[in-house]
Structure formats: C-alpha cells, structure tokens
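To start, the structure itself, in structure tokens.
Chains as they are written, first to last, in my numbering: chain A, 66 to 385; chain B, 66 to 385; chain C, 66 to 385; chain D, 66 to 385; chain E, 66 to 385; chain F, 66 to 385.
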C-alpha cells in the first residue's frame, strides 16, 4: 500500500532540518581520530576464478580494526589501474564470505566490501567488532550511544567508512580519482554521508533506498525495523526526545548530504515500509551534488534490486 | 523453533511411499514429448566483464519455448571444454536479469540458469510462459492440473528441466560427462528429479532444502507457502484427497530419487518452515546414489546459503 | 478502520481512466469466439425438495466447457416462465455442491450458478478448468496472461460469463427479457462487465463490493489479497508496469461499466480491505445505467451480506 | 498443520473426566425452571417463495423470551406432519434474517433456527438478550458466571435449547417422534447436550466440530478463540482454576453425552484450531448412543461444510 | 506510527457531538438508583507495612455490591484527615490483590481502588459481578445493553463510580473537599464522567489516555480492542448503527465532560492505537473545567506511565 | 497453548549440560575485577511519603559506575537494622523512576533496585551505560561479545550484580546476614547466578520465570524474544554454533545454580513463550540449595505476578 506522501508531494518535500552549529568541527574532530595503522591485505582463496580476493584489515575510528574484502577482476581482465567502488552494508549485514559480494568486481571495478562494526549477524556475516560501548539503549544499533554525538554509534561507523574509502583510493591498482561509494539502505545512508564528509575523495555516489535520513519524520511514519528502535527509545525515555534528535542531527543524511558534491544516482521505493519514501526524498532533495533518482512505484524495501543494478552499471560506466 | 522431527528421528525417517506401477512408462512417455527444435543462443551484454552471457531459447515439453541464460567465464578464463552446472529456480523465481545469477560461471563452470515455466514474478523474474492450462486449482502452481499426472503442472516442468540439461550438455564448450544439476527449494526438487529421470546425463546433484518431497507429510506439517496451496486444495476438494496424492506420487522427489545414481551433496535446515526437515530427509534417505548432507540446525528456509555455497565449491571441484 | 477516501470524497471520485481505442473491437472479437456447442443439462438429485437442479455444461470462450447449476423452484411453485438470475462467483470460489447456492431459486427465480474457469478450490468448489495458459505470473489468477489483452485470463472469464447469460435466457422456462446478473466481489465485477458487454440481454445488475475496478488505485490502496497479486507482479516486473495497466484497462469495470444501461443496485463497504471503497465508487460513479448504492459503513469485505440480500429481494422484485 | 493428536491416537482418546455427583439433580432442577409461557408464532414475509417462515418467541430458562425462526416448506410441498430439525448456532451467531438459514426447510423438514441468548452480533445476528448477569469474567460468553454451575451462562443456554426442542415437537405440523437436533461448533455442543438432557425427545443428533468438549484439554491445546477466553480467565484468576473446571464439568459435552441415546452423525476436522480434534473425539468416544463420524483431514474449523451437509441429508433421511 | 490527526489538528479538533435532550434527567434518574446500604470495611493483611488496607463493599447501582480496597498510609504517617484519590480501572482490570495498587496511599493519600463490575479477569483481578444482563452483544463489555441508555452497561458502571467517590468522601479520615478521581484508559473515561456527574464532589481529575470518548471517530480510526467491539457490533447490526450511537451519546466523555468543573491534568499518547489521540483531544477540548494536558509523542497506549505519575504527584500536591 | 514438555516431564527434566573445566577460575577472575570505589548515595525526593529513596552509584565490573535506587521504609517504620532485597531487572528494563519499584521497601525491607548495564530503554528506564563493546552481534544484548567468555556481555552484568549485593549488605541499616536476591525473567536468572557466585552472601533467592537457563534447549523451543536473538545469531554464524554454546556454558543458570546453597522460592509458567518452562525446570532441578516452585499452569511470561508476590511475602518473612 502507498502509505506515505504521494510521489508528487515527496518530490517537493524539503523539511526544515536544524543544522548543528558545530557540525563541521564535530566531523573534523571525528575524522582526525581515524587510525593511521596501514592496512593489511592478505590473499584468500574464494573458490571463484574470475575474481581475486584479499582479506583487508584497515584502521578505523580510534584505530579500531575494520575488516573488508577487496575484490579485483582476475588477471588478465584488469589492465592498468581500475576505477573503484566501495560498498557499505545494509543494517545487520556484513562483508559476508569471500565469494558473496563480487558484483562490482565482476563488472570490472576494484571493489571494496566493508564491514559495519559490531554488525554482521544477519543476512550476511561480518568480522568486525565495536569496542565502543553505550549508555542505556534499545536492543540494536540505532540508539547505541545516542545520548551525545561524541558517543553515538554512527560516529564511529561513518569514520570507518571514510577510512575504507581512502584505503581503496590508496591501492596501487586503483585510480583514486575514479572511486564511487555505494550501498543500499544503511549502506546508502553511509555512502551519502561519506560523500559529504570526504567530498574530494568521492567521484560518484549510488545510494539505494537510504536509511538514516530525516529521523524525525522516519520516527513518525516508519512501520518496521530498524527505525522502530528509535521510536521505542523515545517511548521509554520520554524526557530525552529532543536530546536524541539533537544527537541525530549530526548524522542525518538529509543534513549532511548538502555538503556533498559528487554526481549521484539514487533509488526510492514508494511502498518501502522500512525507509519511507518521504525520508529518502528529504535526503535526495537536499543533496548538494548532481543527482538522478529512479522511482520504483510498487516495491517495498527491496527497491529496484537487480533492475537498479542494471541502471547503475550503465550510469557508473558513463560517470567515472 | 524446532517443530518437526528431531535430527535423530529425521536421519532414520523412511516413510513407506507408494510407487505408481506405471511410473517408468509415465516418465518415458513424458520425456518423449520434449521438443526437438534446436536451441537458439544469442549473445547479450550483461554489463559484466568477467562473464559472457547468452540468451537461450530451448524446446521444452511439447516443444514449448523455455528461456535460460548461459553464462561462461570470460575469455581467456575458460580454456578447453568446461564442466557445467544447470541451475533450477526456487518457487516463483525466474532466470532473472543477465547479471543476476553468475555464481557458477564465476567459479569456472558453464552455467545454465533455467526458467520455470509460468513462474518468474517473485524474487527474480522469468521470461517463460506456460501454455498448459488447468482444472480448478488453488492460486499458485502446486495444484495446477493436479487432477491427473498427465495434466499436472510439474510434468511439464520436469520435462523442461531435462531438456535444459541436454542443451547444456550439447554445447560445444561443455564436457557432457561433467555436468551437475543444482538448485534450492523448488530448484532442489527439480534437480533431484532430473537426476532420476536422466541418470546417465547427470554427473552430480546439489539439492538445497528441496521442495516437492513426501507430499503427505509436507501437507501435515508445513507451516508456510507454498505447501499450504496443497493443504487449501485438499480442504476445498474433500472428495479428491486420495486422487491428489495419487497424482503427486509421480512427482515426489522421495519416490523418484531412488532412480538416481549420481553423487550428491544435500543441505537441510532444521527450522525450515517452508520445506520441513523431515520431508527433506525422506528424500535424502531414499536417494539412490552416493550422498552427503549438511545440516543447518538453526536456519529457516534460507538454509546454509553462502556457507553451503562454499561447501559446494569444494565438493563439486572434487566430484566432477 | 476507515483507511480509504471518506464517504463524501468517494461519492464524487471519478478517476480519469484511459479507454483503449480498440475497446469495442477487442470485445466484439472476443465474444465472437464464444462456442456454439449447445448446452447440456442433466437433472441431479440435490437432496432438497423445494428446488429442482440441473448440472449444466455450456460452451464458453473457444468452446471450452463451462459448468454451472441451474436451479428452478420445485413444481408447482413455478407457474409459467420465470425471471432469471445469473450468479457469478467470488474469487477462488465455484458453483459448489448442488444444494449450496439456491437463494434466488428459493425466491422464485430461474437461477444459474456459474463456475469461474480454473477457480473453485476455495470457499466453494468448482468443476471448470482453464485450458488457457499464461506467461510468467504471480501465483493466482489476477496476473495470468497479463502481458496482453488477448492472453489475459479475464478475457476468457468475461466471455464465459456472457455465454452463461445467454444459456439462461435461452431456457424454455425463462423469460429472456427479465434476466438479472448478480455477484459479490469478483462476481460483482463480472456481472457489471457482462451488463456492459451484452447490454441488450441484461435486465438488471446486482454488484456487491465489486472487484476488478480502477486497478491503479486498487494497487495503491488495497491491503489484502487478491489485488496484492497485482502489486507483487508489478514489484517483480518493474519494467512492465505500464504494459500491465494497459492490459487491465480492457477489463476495468470502471471503464467497461460506462457501456452498460440496465438498472443496477450496488453495495459498498467502507472498511473493505479487499475491494477498497474508492475503487467501488470509481465503478459506480461511471456506470452507464440507472443506479443505487447501499453503503455499509462499518463492514469489511463481507459488506451487507444477508441485509443486502433482503434489499435485493425487494428491489429485484420491483425491477424485473 | 496437524498440531493435535494423530487420528489414530484421537480415535482411542478417552480422558478420565470427573462426573459431578449431583449432575442429574443439577440438570433436573435447571430444566424445571424452563418457562411455561406458550410460544408465540407470527408469520413473516421473508421474500422467499419456497419456504414459509414464522417469528417464534418461546419461553426459555426462567421464562426469559427466546427468539427463533420456524421455517416450513411452502405449501403444497409439505404433506401431512413433517420430521423436524432444531438448529443451534455457532458462537456469536444468531438466527439471522428470515431468509438466511433455510437449508433443512428446503430439504423438507420443519426447521427451527434458535437464537443463543445474549449472542448474535457476529457472523449472523440474533434477537435474544440474556437477563442473567455474571461475576468478573473475560470479555465473551465462555466465562460468564463460571464461579458456580448455578450462575454459569451455559446453564441458561442449554435450558433454552431444550425448551426450543419441545416447542418444535409440539407444533401441529411436526411429528414429535422424528425431530433431530443439529449445529456446528457451539451449535454442535448444544445439540449433543440437548440429546443428553432430553433423551426421549431427540430422534437424531448432528454435531459438527462441536465446541464445549473436554475443557481441560481444550484449554491446553486450543489456539484460537473462543476457548482462549477460558485460558485468559485461568491466567488471571490463578486461584480459581479448579473451581472453574468444577463448574465446567456440569456442561462438558464429553461428560453429558454419555447420557444421550439417539443415533448421531458427527464430524471433525483434523486441522481445526478452534475446536481441537482431540476434544471432539473425547466427546464422540464417550457418546452414549449409536454414532458415526466423518473425518476431514485437511480442514480447519469450517470442517466438512457443504460436503457434510450432503452426508447429513442422506443420513437423516435414512435415520428419521 | 503516527496514524491519527497531527498534534496541531488534534489540539483544535472539536467535533460537533449531539447532546441528548434528556441527558440531565437520564443521569439524575440513574444516580437516584445508587444504593443506600452503608459500606462495609474490613481490615485485611496485605503483607505491606507502610500501608493499611481495608476490603470495602459498597452499594452501587440498584444497591448491587461493589468491591474496592481502601489503602491508607500506615500510622503514624497519616496525621489528621487526608486528601483522597479514587482510582478507576482500565478495561478488563480489577482492584487486584491488596498489595497491588498502593501508589497514591504511598504518596500520602487515602486511596480507594474500585472494581469495575463484571470485569477483573485481565491484567488485574476483580471481585465484583454485574447482575445486569444484556441484549445481543459482542463478546466484551462495550456493547452490553447498547440497545438503549437504560440498559447500557456503562450506566451501571458510572453510577457505581459516583457511589465509590462518595464512600471515600464519607470516610472519617478523609477531607471530603480534597478528593480527586483518577485512572487510565477506561479509568480515565470513568473519572472524567464522575467529575461531570458529581461536580461538587470532585476536587481534581487525572484522566490518562481516556477511553469512552467521541465514539463515532473512535469507531472510525481505532485499530485495536476494545473499540473494535463496537465496530464489530455495528458490522453485524447494520440496521442499528444510529441507535447504538444514540445510546452512546449519553456516555460519551466528550459530551459529559462539558458538565465538569474541577481542575484536571490529562495525558495523551500520539501513537496510541487503543484510544486514538484525536478522541482524547475531543474530550479534552470540550472539558468544562481548568485543564492541562501532557503529550507523549512516541507512546502507544502505555502513555506517560511512570513519567506521568511523577507529573501527577507534583500537580496533585499543588492542586488539592 | 501448552507447547513445551508436560509438567510431569518437566519436573524430571535434567539435561546433561557441560560444565567448563575452568568455571571456578573464570568467575574468581571476574569477581576480582569488581571495582573498589565506594558507593555514593544521594537522597532523592520521590514524591512518596512511605518510602525514603537514595540514588546509588556503585562500582561494578572494572569499576564501571552502576546505578541503583535504595529504598527504605520511611521513619519510624524501620526500627533497627533491616533485612534486605536486591532486585534485578527483566530484559531491557532499568531501575525506573524513584517511585516506580518500591514493593519490597513497602513490605519493610531495605530494597536495592539495580540497573542492568546498557539496558533500560524498554518497559522501565535505566541510567547505566555499558562501556564494553562487542564483536559482530545480533541487535540486542544476548549475543554481545558471545565470541568468548571474557568478552561476553553477561560477564559484566553478573559481576555488577554481585557488587550491588555487597553494597546493600554493607549498608549501615541492613543486616548482612538477611539479604535476599530477587527478580523476574532476566532478573530471575541474574539473582540465581548471584546466589551461585556469592553463596555466603545470599540468604534467600526469589527467581521468577528465569531467563538465561539451558540455552541449547531455549534456542530450540523458545518462540519469542529475546532468546530468538541467539537463534538468529546461530542462523547467521553457522560456523560458530559450538563456540557460542561454549561461551554460554559459563553463564547458564542451569549450570551455575548447582553452586548455590541459599533457600529459594521459584515460579514457572507453563504457557511461557519467552522462557520455556522446560528451561526453568532445567535450572530449578539442578539448583544446589533448598527449593520450592510455584507452577502457574495457564500463564505466559507474566507468570504468577501479584499472586507470586503474595506467596513471596509470606515465604520471605518466614525464611529470612
């Protein structure tokens, strides 16, 4: 069922979201805490013959180890330096097994599949812990450390994501000026935030049905997990509603995205119960760079899926 | 929750399933109706660089056109003739888009991804219709034509599946003695049936959490679609219960599988609400060829997923 | 819960639905394919003493056999020729057992209870198959053959329905100028379409909570089966959304009904999750003949049920 | 899903249910309180021509008025005196509208359709109130007055049911020696209880999927309303569990039925979530008179429905 | 999810609800039927040392016995006469066990916890029956006797509630000019009605997320029990919709509350699926006395819970 | 529904659970890491007059601050030193607001209500964070750090719980030889573990429907959260099943409880979907000290609730 704004309303939906006065300082300070330990790459046998895979351990926020797979098209299918794609994961997923996510590598890109710290026990598995603790929180990740921007879980996640991007850009077989960031749902939110926090490092952005957008509306209209973690937190901590939203304003893709400048190809699903289409448009409409959006009128959170992949293959080939 | 037989009980569960007296004749007559129109292969651009893809139209039951993708590892990654894998689809899925299912090709196999006629409007899309009609049936495919073996939907599906196998075996780049059949759920049921109906053509079988096994128990214990289509049919047609099971006995993987002889690697999930583990063991325990089974104790119908893929890569490399 | 347009909004809801340019030709060609095999009537013993029942096999689309029951009030309760009612079935139902649907016969009408081909495995059973196949489709009937008007399932159903009407009109004990068509849900959609396709044969129409109306809105607001079959089809075949709606425009009761001219008594339920009230009003508001509508404010898809039956008894007695 | 005892186990399931020492006295005292006000019959126009209908007000427990419809086959279809059927209603139903339940009249019987006091706001409507109050009770009827046999709701209901039986037997057009009692679910429980409480007045019993049987097991295995009313009551009144079961032992069809002697035709559904098959067999196995049972293996609470109606027509014609 | 009016809309939502012409007479006549039997108080041992508890039996409507607990702060914590709080219960609850509801006594008030007749088999238990019967009704209390104001269940409940208030006011240790009425959900509705029916006896009102407000809108938007009892009643009795609403207009808190004059502190939850926020605001906006309302933006029917208790402690200390 | 072992089976259910060889060392090492910072107590105004409340900050595992409320009966209701009760919280709850949990103080005990670190955003709120991080984990607390006993979340929780016990025992108004531990669900598991880890400090144990018992069976039969967190973790990390259970064996109440010696009063609910009754009996049957258990036959996870509180009041008064 279409339960959110109509497409016409959503296309012009531009909520007046507060921008924290110290947003730039906060993120400058955060990115300064990315670790400097050089990444370790180890060749692994995935069982595939068309892709070459490396197990990557890179330094994230506070030098915490973050795990990823680097997939390269097998020799001799990768002449010279390659364009790259960093892929971030949906909520509760991880980089998975070595043979699991090789789409962009199969399409000729250097492909870095990055874990989300602490996650990776859901639809795919991860190998990265989160040493950061939290205050009282709902089960889940969305309210972990929400009592302040400094302690909020996604501070560490976004910093890790920027770190991963730079690792791929620094790889000898990669052209650092031609690296895209991509992901669906949480991965879409992270990739857009990375485009905002490291604008000069990102050549293109591919956010699908992004999460982490326009939290106040999301809390009002979302019908399924994980936004409901936030709703339950606010239902319990009736005295911390504004404090929670104040924290979230530092991480809202509909706030941060204004700082981005890379060309972008988005997607949205009009029956998406997880990431309501209005919240996706809030982010899309405020995004700072060139942008296009594919609208899937009858899809839930799966969005365009393989159809969007086809669209992205062509768009990215033309954009990078 | 574990709701079915315990693992210990399931390992020795061997229901006494009736074998139709004319089973061999029925299937001989059915396979004789596979069309003889030569397959048509057309190169398509999938957007991937590591795999080469062909749009295949092959002749199925009664010469009805059946669509498939043939994926080959890109040159020069495929020296000489290749071992092959025919992959059948889960219920309501289809061959999808050209870039969607390339796992076995990425692992070095000639890989044929075959549609299931009439299906392909679910988790992946298909391009193959089913000209066969039906008597009164539940919405869905499981009871279409169930009034007699001759009209039953899966008669046409199994015949198509054998036809597809022979098309891959007949391809110039394929070693016909080294072709495996594989699939999950409905695809697992079909691949085992193919191994039974064309035993000399199949070199290995990879059935994951197979559907279409031990229908009477399935109707008794299954908790979700699509076995519930059968339950609803039996609930409506209270006077045709035995007739329906008589038809199904020609298609039951736990009956047919005795005729198979190829080595096989199975998987089962003990919390599988869709394909109850007891029904999978009914088929496994009666399977005629060499066999191993991976047990996933805490999984629902997703079963072993990528973990089973890892296991299959090693097993198949050693078996073919 | 009231989840759709308010009653005030619904009463004036007139969507601008596209009318196919060749609509008349399409239906003329379709009706021309109704078979000419004369109907066969066989007396059956229903166990009832007040109604006399015949098992009818009539020629439907492409001369396919369609089954029905003809119920007549028992002698001597039926003096002279009788007015008639053709009753079409709700989705997934059938003509049932001989004693099951005898309401209109008990009220003094010649009563023909017609199967819907391929259906009849749900709340009542049917005896009529559908030899027509389909392209890739959702489990169910609503998307069977949706790739083109010529192959769409309801083409055959509507043609069968017209055929059945003429069979009742041709019966020796029936006054052909006094025959009504009736049905709930799918049966309501079919009866209105019959009134549009055979306007000179229909003396009155009784559509209750009709299905098959204003498909685009239905896909947008319906919350339960079977409209969700369409939504899932559109979700899978993201590239065929407009093609599907183009096919449906030939079968939309809100489009066809403009061609009808018989007096009609409708009903609608404002909490109907299956056939949203707005879609019913879309059809009602565009209906071409005289019309009245009963509004059931707190009912789901059961609508007025026995209360509407009381209303219909009086209205039909006055109208025929 | 089959969730209860297997059919083999159920066929021999005979729980050791306690019989209250004063059971006979209790019921003698109760039936003595049936009112003696003569019934009032008023001809109503139902809109049907094959059945003649009277609005009946009869004296129930404590002379409370109880409403019913008396349907007779229309003249001249009813020569001489007729056999009769008293039909009791399922939980939350009522006698409905005059044209609604005329099955047995259409089959040639004098047919009394009786309200259940206080109910009749569900699938059909009733016109009979319940002046009796209750102690603290769950919403619903099953725990109303459960604190003692004297105050329990079903005491009044069973007495009303016996009163209605005698009203039909006393009608001038009815043969008092050929009256059956019938009903599904709650109606099945009531009809069996009537056969036990007025054994000399009942010529045959037709209980379908009866409710009110073997309460302790029902509370343990039932998965849906209305037995869950009892479970919730016991969950709240943790200190009254035995008191509640002591009350119920006076009303348990599996206890009372031993006193019955009329021939009976039962039905049970093996996937019945409302009236678990084991509880039905508990009553059937202990029933005092001749008995047969139809088993519907794949049905939920709808049981045999029209198929059982066919069976009953033949059986009753042969039995009365 | 926010599914009802926005907060801005709700704050000004003032439906035009009909006021029965004989409202005052009806209630005068009703209150005149409160029994005059003096209350009986019996000291009970609750196991608590800080609170002293009495089992109270008081005379309600038609002198029916109504049970309550009177809790007093233990000596010597209660110098002189005390302010009082009468607490009414939520739907299906009761006064519970002696140690269960002692909040207001612990805060220094004479605290009367009153049963709701016939209820008390849910989240807490009750000890008070309802000798009043009903016409055909939905399972539950909301439609019991809804056929007329005189027979409606809540007539007896509201009268009992007024009786209980006067019992507390008449206690020797209570200052009759300083007694508040309080409750959540149904208890909120009752306490506001008491403030309207006995305005000179009530010093303050504490309605939380009140039930029994603006029934027509409630029937239109409520998503869960118990308002759905009303919807199901209206769905069955399609011919009694206006009659039912006419009865309810005598009991609607949004109608009665205009007659109240005591200061009040309300609460509402914007995600309340049980008592929709718009219905609460309908009552709040029409309330006749001084008023404040706490809005809990992300809570379902639990509302402010302990947070509201904190707010009430301060407000009541300042108000009494 | 009764879905687990029958009561008879459960009473003798004694699974053969592995005891880690270094269990004693592990816990000795863990308890050695409890902080030595003296507790800080600050008087707060709760609004209640019968209870005096202090905000407590005590040193937990690794000296992390843990928050609690200390409630004492108000003067002069607490002569001399008092017996004490430490109350641990159910999953996702916290110590709540100062007036929220005062039951044991109202009964005359020194009552310490302790937070569970990181939790407290559910049915009650908490104020204690968890600085400990985790590896990849399911959303929730049950799999946080499950990769090894050293990192497992409940290691810190159990240590905090022992620390809190000692704080209460060390209070000047408390008799250290008369302190009980109590709690429901997670609180029941924690209190029993505390009795095992600090046997000489615990005078009585009151575990209600305890969580954290017999994890392997719990994962097999539990039907709701939070045990399903574990099931989902095992479903994702198919390769870590035994590693996870190995970690859990250090924390299993059915393993640890053998080390306890204090008298105990347990409760279990036979329809408990959250903490299956068999798992509770596994813990109860292996408990090392004197024991009694109340069985609530028809309750879900709410168990005996206020009824059990009555039972506990009497038992504890007699036991301490």
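Note that the Cβ used here is the ideal one computed from N, Cα and C, for glycine as well.
Simplified DSSP state of residue i, which is helix, strand or coil
i	result
residue 107/A	strand
residue 137/F	strand
residue 287/C	coil
residue 343/C	helix
residue 315/C	coil
residue 280/A	helix
residue 190/A	strand
residue 132/E	strand
residue 326/F	coil
residue 168/D	helix
residue 63/D	A query on residue 63/D cannot be resolved here, the shown segment of chain D reaching from 66 to 385 and no further.
Buried/exposed call for residue i, threshold 16 Cβ in 10 Å
i	result
residue 182/E	buried
residue 308/D	exposed
residue 83/A	exposed
residue 189/A	buried
residue 273/E	buried
Residue-chain proximity (residue i, chain E), Cβ-Cβ < 8 Å
i	result
residue 29/C	The question about residue 29/C has no answer, for chain C in this structure spans 66 to 385.
Any chain D beta carbon closer than 8 Å to residue i
i	result
residue 366/F	no
residue 288/E	no
residue 148/C	no
The alpha helix (DSSP H) enclosing residue i, as first and last residue numbers
i	result
residue 253/B	251-262
residue 232/A	218-234
residue 375/D	370-384
residue 237/F	Counting along the chain, residue 237/F falls outside any alpha helix (DSSP H), and DSSP gives it neither H nor E.
Contact with chain C by residue i, beta-carbon distance below 8 Å
i	result
residue 200/A	no
residue 374/D	yes
Neighbour flag for residue i against chain B, beta carbons, 8 Å
i	result
residue 192/C	yes
Nearest-angstrom Cβ-Cβ length linking residue i and residue j, presumed shorter than 8 Å
i	j	result
residue 154/F	residue 251/F	7 Å
Short CB-CB distance (under 8 Å) between residue i and chain A
i	result
residue 361/E	yes
**OP:** Please name the residues in the segment 238-256 of chain C whose beta-carbon is closer than 8 Å to at least one beta-carbon of chain G, in chain order.
**Re:** Checking the listed chains, one finds no chain G in this structure; the protein chains it contains are A, B, C, D, E and F.
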